[in-house]
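Peer 1: Chains as they are written, first to last, in the UniProt record's numbering: chain A, 1 to 470; chain B, 1 to 470. Sharing a structure below in structure tokens format, with a few things to ask.
There are 2 protein chains.
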Amino acid sequence: MTENEDDILDRPAADETHDDIYDEEGSVRHDFLTMVGAAIADRDVIFLRQNVARLHESELGDLIEAIQPDQRLAMIRLLGDDFDMTALTEVDEAIRMQIVDQMPNEQIAAAIGELDSDDAVYILEDLDDEDREEILAQLPFTERVRLRRALDYPESSAGRRMQTEFVAVPPFWTVGQTIDYMRDEEDLPESFTQIFVIDPTFKLLGAVNLDRILRTKRQVKIETIMHATNHPIPAEMDQEEAAQLFEQYDLLSAAVVDENERLVGVLTIDDVVDVIQEEAEEDLLRLGGVGDEELSDSVAETSRSRVPWLAVNLVTAFLAASVISLFEATIEQIVALAVLMPIVAGMGGNAGSQTMTVTVRALATRNLDIHNAFRVVRREAGVGLLNGVVFGILIGAIAGFWFQDVNIGGIIAAAMLINMMAAAIAGILIPLALDRFGADPAVASAVFVTTVTDITGFFAFLGLATWWFM
Amino acid sequence: MTENEDDILDRPAADETHDDIYDEEGSVRHDFLTMVGAAIADRDVIFLRQNVARLHESELGDLIEAIQPDQRLAMIRLLGDDFDMTALTEVDEAIRMQIVDQMPNEQIAAAIGELDSDDAVYILEDLDDEDREEILAQLPFTERVRLRRALDYPESSAGRRMQTEFVAVPPFWTVGQTIDYMRDEEDLPESFTQIFVIDPTFKLLGAVNLDRILRTKRQVKIETIMHATNHPIPAEMDQEEAAQLFEQYDLLSAAVVDENERLVGVLTIDDVVDVIQEEAEEDLLRLGGVGDEELSDSVAETSRSRVPWLAVNLVTAFLAASVISLFEATIEQIVALAVLMPIVAGMGGNAGSQTMTVTVRALATRNLDIHNAFRVVRREAGVGLLNGVVFGILIGAIAGFWFQDVNIGGIIAAAMLINMMAAAIAGILIPLALDRFGADPAVASAVFVTTVTDITGFFAFLGLATWWFM
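The following block contains the structure:
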């Protein structure tokens with residue numbers, strides 16, 4: 001390592017700042033990657049300890065994703081005990097699996113013992129049963145019991161995401177006793193923003209925010225300053241539902257309780273932020289007709305995951321084609337129709353997508369429900385009508401001029417108007433209907449909406465032309 | 001009010017639970033709406049105080065959105081001082097504007113004096129200059145100065161979203177002094193999770209989380225337990241960038257500093273969650289070709305906001321149509337081509353949308369950058385090739401069988417393969433290029449991608465057919 005590199009990188013841990021390892025675009029800096037790569041090749045443990053081990057877990061995660069796949073395990077081996085396993089919760093699932101599969105179970109067990117329970121569960125839940133059991137067997141009893149209990153809750157439930165470390169005190173303690181307890185106790189969670197109040201059976205009685213404790217005189221009893229935990233989260237609750245509670249009530253953390261209302265853990269906002277991100281991402285990907293795919297998936301995996309919607313689209317495309325085939329005789333006479341017909345279908349598809357996007361989003365954010373559905377449908381129909389008239393006239397004029405035929409202009413204008421209305425109504429009713437029947441409106445809306453606009457577009461345009469000309 | 005309703009609704013304030021006012025689908029319960037409506041009509045202030053005033057601000061916001069527009073102001077008037085103005089930060093912008101416009105400025109000023117500064121700014125920033133000045137003039141001096149300063153920062157900046165209330169202490173204070181200060185001081189923020197350490201000029205020196213204070217003995221000096229604030233947020237920073245820092249470093253709150261690194265406020269995770277939601281929503285809406293529209297916008301507003309993309313689509317649709325018109329002679333001979341050509345274009349469009357969705361999302365979450373772009377392009381081309389072969393053969397077989405012509409089957413299969421490859425490459429290169437040139441990749445990708453797949457689809461299919469048959 002040269003003197004110069006030393007200057008750039010060798011700062012004390014407290015000074016880790018955002019621009020340290022990232023370039024202006026938020027990617028890991030290229031010169032940093034080169035240096036880390038060289039250090040791995042040279043087995044330069046000192047450099048890695050000084051410059052990699054000190055990174056924040058999310059920075060380390062980004063670094064792991066950015067280096068070459070074959071460098072990843074080598075770097076983790078070189079770091080040894082200095083490797084912060086939490087970083088693995090910050091990388092793509094595929095990369096995490098790859099790394100964990102190749103690490104010896106003993107090392108994973110040792111590292112997992114150091115993690116907060118929610119991070120430990122995050123890593124353990126992806127392992128196959130055999131490896132998981134082997135790792136759990138190597139953990140201390142209480143740790144093992146805690147993790148097993150969390151892993152017993154359903155996937156994507158609050159119980160899986162919760163942290164089993166928390167501070168809980170009896171209601172008759174005073175503020176002074178509570179503060180003294182926290183000063184003396186070694187085994188506290190790494191950070192927390194509220195403490196819980198429980199009875200001897202661990203039943204949840206309330207919670208106190210830390211600022212409340214700090215403002216209160218020592219002799220005051222906890223029960224007089226605790227607040228009811230308005231939103232204790234059942235461990236079985238889906239993480240998405242829990243996230244909605246956090247958003248709605250601006251929670252920082254919330255108690256997680258079992259079926260007997262006993263406190264089993266705490267769900268914190270940082271995990272919830274990840275859930276919110278994932279959910280938004282899922283909506284977007286589903287609307288685009290792709291599943292839960294990651295950039296690190298292979299070609300074969302990606303191809304396979306995209307086949308279902310392409311296959312559905314294949315059926316609907318032939319459906320639309322069969323509508324066209326009804327009018328072969330007309331097209332044979334007036335080829336201009338074949339030239340123009342995709343315009344009507346395409347514009348309708350676009351308008352339908354616009355309405356559908358707004359509808360899916362409104363359903364996801366609960367801004368649309370049975371009470372205002374009728375008003376929203378009426379509004380969308382109005383928008384369809386207005387834009388249908390505008391673009392009908394425009395397209396009619398252009399097409400009439402192009403083919404020097406006022407009849408064709410009139411027919412395409414009328415077809416356009418009909419299809420824009422159909423697009424508006426399909427764009428709202430299809431997601432609403434899917435939602436009503438318990439299906440995710442983001443998943444199948446696009447394909448149904450374009451089917452409606454294709455078929456309506458072809459039928460209206462070719463049908464009107466046949467009726468008029470033939 | 002009957003005895004029975006009383007049972008359902010008249011619970012003590014501490015007991016407000018999620019299922020109180022919502023039905024199973026998360027909408028405000030219909031019977032509750034009816035009762036509130038009746039109470040407004042009857043001017044039943046007691047009912048409203050007991051059942052509406054006690055709601056959480058977000059519940060009150062949902063209620064305001066759910067009742068009839070003409071009931072909203074009436075309810076707020078009846079509630080008087082018991083109306084929690086914060087609820088207005090939880091409703092649609094259009095509804096908020098409507099309500100605030102009709103409220104007398106004196107009442108707004110009185111209510112705003114009670115709010116946290118971030119909520120006050122949220123409401124003030126939408127008002128026109130005259131009303132805003134009139135309201136500000138009625139506030140106490142310090143309050144006015146604080147709000148003015150926040151309002152001076154650019155829209156959507158951290159300075160606008162920050163709270164100007166915070167706890168700051170000098171570094172030489174002990175933990176004991178700090179706790180005593182908090183016990184005695186009346187004017188503390190409503191809730192907080194960390195306190196800041198400043199020098200006499202308000203320059204930020206560090207921060208201490210509350211749990212750290214509670215674990216530390218009274219005689220210990222603050223400067224020995226404070227941590228460097230690794231991510232102080234410049235007040236001018238865009239809120240989206242600030243939100244990314246929160247996500248990356250799992251922050252609960254962060255200091256906001258001015259250009260001289262003096263502490264001016266604190267940004268909290270609950271505001272950041274809203275920003276994250278908004279940004280995800282924006283991406284989704286932009287991909288769907290709609291702007292920042294709200295369900296409460298009028299027909300005319302909505303129509304207008306959707307016109308730009310429909311207009312662009314109009315141009316591209318005619319571009320595609322002009323490709324078809326090149327082959328009019330061929331279509332006249334073989335009408336089957338007109339029937340089948342939308343299949344090639346449509347399937348390509350769908351495949352392109354899939355790739356584009358993944359690309360836009362990967363760019364937004366910074367999983368895709370210049371370093372891995374080449375690998376991702378290669379992978380997408382592979383996916384396009386694989387799915388092109390699969391669906392080419394499938395469609396070729398169906399089309400050949402349908403029109404009893406093996407030539408048509410072969411031609412559509414080849415065109416399909418070409419278009420799927422084009423779709424894959426356009427689906428990734430177009431968003432990447434837009435991003436490279438500083439444009440939002442979500443905004444215009446869809447229209448460009450479908451233009452490529454339409455034109456390629458028509459050209460490949462009709463071109464191959466012309467070359468083969470003519």
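All C-beta atoms in this analysis are idealised placements derived from N, C-alpha and C, irrespective of residue type, glycine included.
(1) Identify every residue that forms a DSSP beta bridge with A:Tyr22.
(2) Is there at least one Cβ from chain B nearer than 8 Å to A:Glu223's Cβ?
(3) Using a C-beta to C-beta distance shorter than 9 Å, which residues of chain B count as neighbours of A:Asp238?
(4) Can you tell me where the alpha helix (DSSP H) holding B:Ile179 begins and where it ends?
(5) To the nearest angstrom, how far is it from the Cα of B:Phe391 to the Cα of A:Glu282?
(6) Measuring only the C-alpha atoms, how far is B:Gly159 from B:Leu287?
(7) Just to confirm the assignment, what range does the alpha helix (DSSP H) spanning B:Val256 have?
(8) Given a limit of 7 Å on CB to CB distance, which residues of the segment 242–272 of chain A reach chain B?
(9) Okay, do the segment 314–334 of chain A and the segment 425–444 of chain A touch, 3+ Cβ pairs below 8 Å being the bar?
(10) Residues of chain A with CB closer than 8 Å to the CB of B:Lys203, please, in chain order.
(11) Using only alpha-carbon positions, find the residue among A:Ala228, A:Leu33, A:Val169, A:Ile95 that is nearest to A:Phe202.
(12) Would you mind telling me which residues of chain A sit closer than 7 Å to B:Ala168, beta carbon to beta carbon, in chain order?
(13) Please compile the residues from chain B whose C-beta is within a distance smaller than 9 Å of the C-beta of A:Val307.
(14) Might you give, ordered along the chain, the residues of its own chain that have their beta carbon closer than 8 Å to the beta carbon of B:Val273, omitting 5 neighbours on each side?
(15) B:Ile198 bridges to which residues according to DSSP?
(16) Checking contacts by CB at 8 Å: is A:Pro342 closer than that to chain B?
(17) For the segment 294–302 of chain B against the segment 307–322 of chain A, are there 3 or more C-beta pairs whose distance is under 8 Å?
(18) Pick from A:Thr89, A:Asp369, A:Glu25: whose alpha carbon is nearest that of residue 475 of chain A?
(19) Quick one: which chain A residues come within Cβ less than 9 Å of B:Phe448?
(20) What do you reckon, is the C-beta of A:Leu326 under 7 Å from a heavy atom of the ligand NAP?
(21) So is B:Asp292 buried or exposed if we call it buried at 16+ other beta carbons inside 10 Å?
(22) Return the Cβ separation of B:Ala207 and B:Val197 in integer angstroms, given the expectation that the two are a contact with Cβ distance under 8 Å.
(23) I need the straight-line Cα distance from B:Asn367 to B:Leu417, nearest angstrom please.
(24) What is the residue span of the beta strand (DSSP E) that A:Glu268 lies within?
(25) Report back the beta-carbon spacing between A:Ile412 and A:Val344 to the nearest angstrom; my notes put them in contact at under 8 Å.
(26) With 8 Å as the threshold, decide whether the Cβ of B:Glu16 is near any Cβ in chain A.
(27) Start and end of the alpha helix (DSSP H) containing A:Arg212?
(28) Measuring CB atoms only, is the segment 397–415 of chain B touching the segment 375–386 of chain B, in the sense that at least three cross pairs come out at less than 8 Å?
(29) Give me the residue from A:Gly265, A:Gln68, A:Asp250 with the minimum Cα distance to residue 471 of chain A.
(30) Ignore the nearest five residues each way along the sequence and tell me which others in A:Phe192's own chain have a CB closer than 8 Å to its CB.
(31) Just to confirm the assignment, what range does the alpha helix (DSSP H) spanning B:Arg375 have?
(32) With distances taken between CB atoms, is the gap from A:Leu115 to A:Ile67 smaller than 8 Å?
(33) Output the boundary residues of the alpha helix (DSSP H) element that contains B:Glu106.
(34) Applying the criterion that 16 or more other CB atoms from any shown protein chain within 10 Å of the CB defines a buried residue, is B:Asn260 buried or exposed?
(35) With a threshold of 8 Å between beta-carbons, can A:Gln50 be considered close to chain B, or not?
(36) Helix, strand or coil for A:Asp238? Go by DSSP, reduced to three states.
Peer 2: To lay it out plainly:
(1) To locate residue 22 of chain A, count along the first sequence from 1; it is residue 22. Note: A:Tyr22 sits in a beta bridge opposite A:Val28.
(2) Along the first sequence, one-based indexing puts residue 223 of chain A at 223. No - not a single Cβ of chain B is within 8 Å of the one on A:Glu223.
(3) Working through the first sequence from its first residue, we reach residue 238 of chain A at position 238. Correct list: empty, because the minimum Cβ distance to chain B is about 13 Å.
(4) To locate residue 179 of chain B, count along the second sequence from 1; it is residue 179. Unbroken alpha helix (DSSP H) run through B:Ile179: 175–184.
(5) As a first step, residue 391 of chain B is located in the second sequence; it is residue number 391 there, counting from the start. As a first step, residue 282 of chain A is located in the first sequence; it is residue number 282 there, counting from the start. When rounded, the distance between both Cα atoms is 26 Å.
(6) Within the second sequence, the letter at position 159 stands for residue 159 of chain B. Within the second sequence, the letter at position 287 stands for residue 287 of chain B. The alpha-carbon atoms of B:Gly159 and B:Leu287 are separated by roughly 29 Å.
(7) For this step, residue 256 of chain B is matched to residue 256 along the second sequence. No alpha helix (DSSP H) contains B:Val256, which is instead part of the beta strand (DSSP E) from 253–257.
(8) Leu245, Glu247, Gln248, Tyr249, Asp250, Leu252, Ile269, Asp270
(9) no
(10) Position 203 of the second sequence holds residue 203 of chain B. Neighbours of B:Lys203 on chain A: none; closest Cβ ~17 Å, over 8 Å.
(11) For this step, residue 202 of chain A is matched to residue 202 along the first sequence. Of A:Ala228, A:Leu33, A:Val169, A:Ile95, the residue nearest in Cα terms is A:Val169.
(12) Your numbering for residue 168 of chain B matches position 168 in the second sequence. Per Cβ cutoff of 7 Å: no residues; B:Ala168 is ~14 Å from chain A at best.
(13) Residue numbering aside, residue 307 of chain A sits at position 307 when the first sequence is read from its first letter. Simply Asn387, Val390, Phe391.
(14) Indexing the second sequence from 1 puts residue 273 of chain B at position 273. Closer than 8 Å at the Cβ level, and outside the excluded window around B:Val273, lies no residue.
(15) As a working note, residue 198 of chain B is residue 198 in the second sequence. Answer by DSSP bridge pairing, in chain order: B:Leu204.
(16) As a first step, residue 342 of chain A is located in the first sequence; it is residue number 342 there, counting from the start. Yes, because at least one Cβ of chain B sits closer than 8 Å to the Cβ of A:Pro342.
(17) no
(18) Residue 475 of chain A is absent from the model: chain A starts at 1 and stops at 470.
(19) Within the second sequence, residue 448 of chain B is the residue found at index 448, counting from 1. Those within 9 Å of B:Phe448 in chain A number zero; the least Cβ separation is about 13 Å.
(20) Ligands displayed in this structure: none; no statement on the ligand NAP is therefore possible.
(21) Taking the first residue of the second sequence as position 1, residue 292 of chain B is located at position 292. Its Cβ having fewer than 16 others within 10 Å, B:Asp292 is exposed.
(22) What you label residue 207 of chain B is simply residue 207 of the second sequence in a count that begins at 1. What you label residue 197 of chain B is simply residue 197 of the second sequence in a count that begins at 1. Yes, they are in contact, since the Cβ atoms of B:Ala207 and B:Val197 sit about 7 Å apart, within 8 Å.
(23) Numbered from its first residue, the second sequence carries residue 367 of chain B at position 367. Numbered from its first residue, the second sequence carries residue 417 of chain B at position 417. In a straight line, the C-alpha of B:Asn367 is about 28 Å away from that of B:Leu417.
(24) Sequence index remark: in the first sequence, residue 268 of chain A carries index 268 (1-based). Checking the sequence shown, residue 268 of chain A turns out to be Thr, not Glu. From DSSP, the beta strand (DSSP E) with A:Thr268 extends over 263–268.
(25) Position 412 of the first sequence, counting from 1, holds the residue named residue 412 of chain A. Position 344 of the first sequence, counting from 1, holds the residue named residue 344 of chain A. About 6 Å separates the two Cβ atoms, so the contact holds.
(26) Stepping through the second sequence from its first residue, residue 16 of chain B is reached at position 16. Note that B:Glu16 scores a pLDDT of 40, beneath 50, so its modelled location is shaky and nothing firm can be said.
(27) The sequence position of residue 212 of chain A within the first sequence is 212, counting from 1. Run containing A:Arg212: 210–215, per the alpha helix (DSSP H) assignment.
(28) no
(29) In the structure as shown, chain A begins at 1 and stops at 470. Residue 471 of chain A is therefore absent and cannot be evaluated.
(30) Here residue 192 of chain A refers to the residue found at position 192 of the first sequence. Answer for A:Phe192: Phe166, Val167, Leu210, Ser253, Val266, listed in chain order.
(31) As a first step, residue 375 of chain B is located in the second sequence; it is residue number 375 there, counting from the start. Where B:Arg375 is concerned, the enclosing alpha helix (DSSP H) stretches over 373–402.
(32) Taking the first residue of the first sequence as position 1, residue 115 of chain A is located at position 115. Taking the first residue of the first sequence as position 1, residue 67 of chain A is located at position 67. No.
(33) Along the second sequence, one-based indexing puts residue 106 of chain B at 106. 105–114 is the span of the alpha helix (DSSP H), which, as asked, contains B:Glu106.
(34) Counted from its first residue, the second sequence places residue 260 of chain B at position 260. Exposed, since its Cβ has fewer than 16 Cβ neighbours within 10 Å.
(35) Counted from its first residue, the first sequence places residue 50 of chain A at position 50. No, its Cβ sits nowhere closer than 8 Å to a Cβ of chain B.
(36) What you label residue 238 of chain A is simply residue 238 of the first sequence in a count that begins at 1. A:Asp238: strand per DSSP, three-state reduction.
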